[in-house]
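Everything below concerns the one structure shown next.
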Amino acid sequence: MYKVTILPLAKLDIRETATWYNGKQNGLGKRFTTEVRQKVNHIKQDPFISVVRYDEVRTAVLEVFPFMIHYNVNEEENLIIILAVLHTSRNPDIWKSEHDTPDE
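To convert, note that position 27 of the sequence shown is 32 in our numbering; the numbers rise steadily by one, no gaps.
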């Protein structure tokens, strides 16, 4: 089975979304994070179940919430790298520009 690394900015995506959902209804943020965890476990079992959407990045859609997990697979290291957890209406190009670090 593959190991999973969730990048800090993806963790921030999850935290911010959970906080937003909790603001709408108490406990809804926990349901969101639980669904993310379940989908990540599903990806661990078969990371190639999702197709490549852009730049070698695969996406897995959550079942209830309108969000996608964006991830890469490193076959040599048996590693899945979670890059982002974004609302399905967001353009991944926006995510890429938000998550790029400026050149120094």
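Where is the CB? At the ideal position from N, CA and C, for every residue including glycine.
Since this is a predicted model, take the numbers as computed values, not measurements.
Opposite Phe72 in the DSSP bridges: which residues?
Working through the sequence shown from its first residue, we reach residue 72 at position 67. For Phe72, which the question treats as bridged, DSSP gives the partners His92.
Quick check on the DSSP output: the beta strand (DSSP E) that includes Tyr59 runs from which residue to which?
As a first step, residue 59 must be located in the sequence shown, where it is residue number 54. First-last of the beta strand (DSSP E) with Tyr59: Val57 to Tyr59.
DSSP bridge partner residues for Asn77 (one or two, in chain order)
Looking up residue 77 in the sequence shown gives position 72. Bridge pairing for Asn77: Ile86 [DSSP].
Residue from Leu91, Ile87 and Ser94 with nearest C-alpha to Asn46:
Taking the first residue of the sequence shown as 1, we reach residue 46 at position 41. The option with the nearest alpha carbon to Asn46 is Ile87.
Please work out which residues of its chain come closer than 7 Å, Cβ to Cβ, to Tyr26, disregarding the five sequence neighbours upstream and downstream, and give them in chain order.
On the sequence shown, position 21 is the one that residue 26 refers to. Residues of the same chain with a CB within less than 7 Å of the CB of Tyr26, apart from the 5 flanking positions on each side, are Leu33, Gly34 and Phe37 in chain order.
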